[in-house]
Amino acid sequence: MSEKTSPDQALHDMTLAMLYLTRFKESGRFVPDIPLFRAWKSYDWDTLDKLSEEELTIDRHGNKSLYLTEEGVAKAKEILEKYGISDWEK
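Offset between the sequence shown (1-based) and this note's numbering: plus 23.
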């Protein structure tokens with residue numbers, strides 16, 4: 024029998040996955056020619072804070088959206104694979 028994921032870990036994983044799946048691209052705002060991925064912050068605030076603390080997202084308080092870091096994108100892709108969810112790009 025496989026090990027079950029705790030509700031706290033599932034919330035963490037699914038929030039990051041949903042941020043990734045609902046992302047939109049923004050180019051050139053801070054670093055020219057490097058695309059940045061943003062997502063709207065309409066998820067559990069404690070979970071969003073934890074994702075920011077883990078440097079999976081960059082949260083500029085006061086904004087309605089946040090940035091996904093390269094590490095956040097990579098982790099989100101791992102989560103999609105773990106749960107058998109297809110990426111938009113595939």
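Cβ atoms here follow ideal geometry from the backbone N, Cα and C, with glycine treated the same way.
Would you mind working out which of the options sits nearest residue i, comparing C-alpha positions?
i, options, result
"residue 93", "105, 83, 77, 87", "77"
"residue 104", "30, 29, 44", "44"
"residue 75", "39, 49, 102", "39"
"residue 31", "64, 46, 73, 48", "73"
"residue 109", "33, 34, 29, 41", "41"
Could you check if residue i is buried or exposed, using at least 16 other CB atoms within 10 Å of its CB as the buried criterion?
i, result
"residue 85", "exposed"
"residue 107", "exposed"
"residue 47", "exposed"
"residue 102", "buried"
"residue 29", "exposed"
"residue 62", "buried"
Given 7 Å as the limit, tell me if residue i has its C-beta closer than that to any heavy atom belonging to the ligand ZN.
i, result
"residue 89", "Only the bare structure without any ligand can be found here, which leaves the ligand ZN out of the picture."
Do residue i and residue j have their C-beta atoms closer together than 8 Å?
i, j, result
"residue 98", "residue 79", "yes"
Kindly indicate the opening and closing residues of the alpha helix (DSSP H) around residue i.
i, result
"residue 103", "93-105"
For residue i, which residues does DSSP report across the bridge?
i, result
"residue 88", "63"
Return the first residue and the last residue of the beta strand (DSSP E) that residue i is part of.
i, result
"residue 109", "Looking at the DSSP string, residue 109 is not in any beta strand (DSSP E), and its letter there is neither H nor E."
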